[in-house]
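In full-length UniProt numbering, the protein residues as written are 1 to 483.
Here is the structure we will look at, set down as structure tokens.
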């Protein structure tokens, strides 16, 4: 049962080959057996899962249908879940139980999903390796000595190890797509505003976006269908009709114009990954796509701009965690200032403190114009590059990451080296565009992903291209040894 995709589970439940309760029990047992190797979960919700599974079976017995009805998933541990710990991977929120459900959680619960638990993540979603979590690093099931990517590494590792078919995740600078690439999954970051951020604990409010992680594009289409939609509770949510993503999967790629930016193939890209990207281009050409070289001239400025904007927004968002209203509080504070200092100093980890300090500096008097304002101007230039490119092509294709997954601890002493691994993904967040990573091969036994970018609200086009690619390749079917 654990090898089934979401689509296969939906068909099996509809045909009464098994019940949601039976499937849930199998997966809970598998998590108990295998997750100690991976550390992909922070919290398990066995009682909730079994009660939701029984309710889903009852709904099906009454004639109700739905692709997600009875499907087991997990939520990244920054989606608020009523009465369940929502920690954000931080000591600061280790004791926090959300009093309400995030919109994403509520929508998927209404669709009939079964919540198996909350997955591990980089603290407050800050990281590219899932090593900054208060609950310890997550291991990559393809090689337990390597990182699974971050910040959604717990969701990625759990799905890749067949502990569950799909999971929710979030992407601020590549945190869905990069873990997908590192663990041989399909991961989709929707257009900014397509999925509600209400109840999703914020890192950088103008960049964060929730999305699905699964083994196939077909499964991402199913999960995104349940997540997407306008939410009046979220001021950044966009009131745009949600299409039937599954209906667009089988469209022909004949004549599709795919742009390949020349800037992607610089000295920083592992040549073995470059070869796999070119192989995927040839595969899409066979399916009728037309390939064109394009240019994104301001891409070189994206990383410095991102690492000013994101920490600046983080320093503002995380100021609410002060030891007063909720979360961690230091013991025996001498006064209010001591309460603030020690609660934040003891509650936040090193990477979070580093980014808060960078952000506060960038926003301080005398430096706002020099750093934050200039970064926002670069952000507009990056967006303009994409708009010009999409006048010539329908899709942009390139590597998801410049290197395969690195060893645990390899970049801990050099945060900038880790930041540079986001070079291909952060531009989509700066511009608010949808992006998808799909499996495209292996380097030294570690998975490699190819990234697709599309114009606003064209998630269906991304899913269509990825699905057609997956019908003609088998990279996404490979399973890590031992899982």
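All C-beta atoms, glycine included, are put in the ideal place defined by N, C-alpha and C.
In this text the structure is predicted, and so the values were computed from the model without any measurement.
Assuming residue i and residue j form a contact by the criterion Cβ under 8 Å, report the distance between their Cβ atoms to the nearest whole angstrom.
i: residue 445; j: residue 438; result: Rounded, the Cβ-Cβ distance is 19 Å, inconsistent with contact.
i: residue 330; j: residue 351; result: That belief does not hold up - the Cβ atoms of residue 330 and residue 351 are roughly 20 Å apart, past 8 Å.
i: residue 435; j: residue 453; result: 5 Å
i: residue 125; j: residue 170; result: 6 Å
i: residue 202; j: residue 184; result: At roughly 30 Å, the Cβ-Cβ gap does not stay under 8 Å, so residue 202 and residue 184 are not in contact.
i: residue 94; j: residue 328; result: 7 Å
i: residue 50; j: residue 24; result: 6 Å
i: residue 421; j: residue 401; result: 6 Å
i: residue 356; j: residue 296; result: Not really, about 30 Å apart at Cβ, beyond 8 Å.
i: residue 157; j: residue 140; result: 6 Å
i: residue 173; j: residue 425; result: 6 Å
Apart from the five residues on each side of it in sequence, which residues of its chain come closer than 6 Å, Cβ to Cβ, to residue i?
i: residue 339; result: 323 and 333
i: residue 272; result: 443
i: residue 187; result: 176, 177, 180, 213 and 437
i: residue 259; result: 292, 294, 389, 393 and 396
i: residue 225; result: 245
i: residue 132; result: 122, 123, 349 and 351
i: residue 194; result: 228
i: residue 52; result: 114
i: residue 382; result: 298, 302, 427, 430 and 431
i: residue 230; result: 237 and 239
i: residue 405; result: 140, 146, 147, 182 and 446
i: residue 35; result: 41
Measuring straight from C-alpha to C-alpha, what distance separates residue i and residue j?
i: residue 104; j: residue 197; result: 8 Å
i: residue 365; j: residue 37; result: 48 Å
i: residue 370; j: residue 88; result: 32 Å
i: residue 177; j: residue 255; result: 26 Å
i: residue 208; j: residue 78; result: 11 Å
i: residue 149; j: residue 252; result: 33 Å
i: residue 429; j: residue 63; result: 41 Å
i: residue 441; j: residue 138; result: 22 Å
i: residue 222; j: residue 45; result: 23 Å
i: residue 97; j: residue 82; result: 7 Å
i: residue 123; j: residue 286; result: 43 Å
i: residue 461; j: residue 336; result: 53 Å
i: residue 191; j: residue 379; result: 16 Å
i: residue 234; j: residue 481; result: 42 Å
i: residue 134; j: residue 90; result: 5 Å
i: residue 111; j: residue 69; result: 6 Å
i: residue 398; j: residue 155; result: 24 Å
i: residue 475; j: residue 282; result: 15 Å
i: residue 359; j: residue 119; result: 27 Å
i: residue 21; j: residue 153; result: 27 Å
i: residue 407; j: residue 415; result: 14 Å
i: residue 129; j: residue 147; result: 5 Å
i: residue 143; j: residue 57; result: 37 Å
i: residue 485; j: residue 471; result: Here the chain covers residues 1 to 483 and nothing more, so residue 485 does not appear.
i: residue 86; j: residue 80; result: 6 Å
i: residue 42; j: residue 469; result: 34 Å
i: residue 376; j: residue 300; result: 15 Å
Could you check whether the Cβ of residue i sits closer than 8 Å to any heavy atom belonging to the ligand MN?
i: residue 354; result: The model depicted lacks the ligand MN and carries no ligand whatsoever.
Grab me the residues of residue i's own chain with a C-beta within less than 8 Å of its C-beta, minus the 5 sequence neighbours each way, in chain order.
i: residue 162; result: 2, 3, 30, 479 and 483
i: residue 467; result: 216, 217, 218, 221, 249 and 250
i: residue 26; result: 1 and 2
i: residue 165; result: 4, 5, 6, 9, 71, 72, 73, 159, 214, 215 and 219
Per DSSP, residue i is paired with what?
i: residue 140; result: 143
i: residue 209; result: 171
i: residue 188; result: 436
i: residue 502; result: This structure does not reach residue 502, given that the chain is present from 1 up to 483, and the question cannot be answered.
i: residue 259; result: 292 and 396
i: residue 195; result: 228
i: residue 200; result: 79
i: residue 453; result: 396 and 435
i: residue 119; result: 41 and 76
i: residue 214; result: 166 and 186
In chain order, what residues of the same chain lie with their CB nearer than 7 Å to the CB of residue i, ignoring the 5 residues before and after it?
i: residue 363; result: 312, 315 and 372
i: residue 243; result: 460
i: residue 343; result: 322, 323, 328, 329 and 330
i: residue 12; result: 4 and 18
i: residue 417; result: 411
i: residue 262; result: 293 and 295
Closest Cβ-Cβ distance between residue i and chain D: below 9 Å?
i: residue 466; result: Structure shown: chain D not included; a single protein chain is present.
Query raised in the report: In chain order, which continuous runs of the beta strand (DSSP E) of length 3 or greater are located wholly inside the stretch 29-117?
Result: DSSP runs (the beta strand (DSSP E)) wholly in the stretch 29-117: 41-44 and 72-76.
Query raised in the report: Can you list, in chain order, the stretches of the beta strand (DSSP E) that have 3 or more residues and sit fully within the stretch 426-451?
Result: 435-443
Requested in this report: Only counting runs of 4 or more residues, tell me where the alpha helix (DSSP H) segments fall wholly within the stretch 291-353, in order along the chain.
Outcome: Secondary structure in the stretch 291-353: the alpha helix (DSSP H) runs of 4 residues or longer, each lying completely within the stretch, are 302-317 and 336-347 in chain order.
Query raised in the report: Taking only runs of the beta strand (DSSP E) that begin and end inside the stretch 359-414, which ones reach a length of at least 3 residues, in chain order?
Result: 395-399
Query - Complete alpha helix (DSSP H) runs within the stretch 5-31 (minimum length 4 residues, chain order) - result: 6-14
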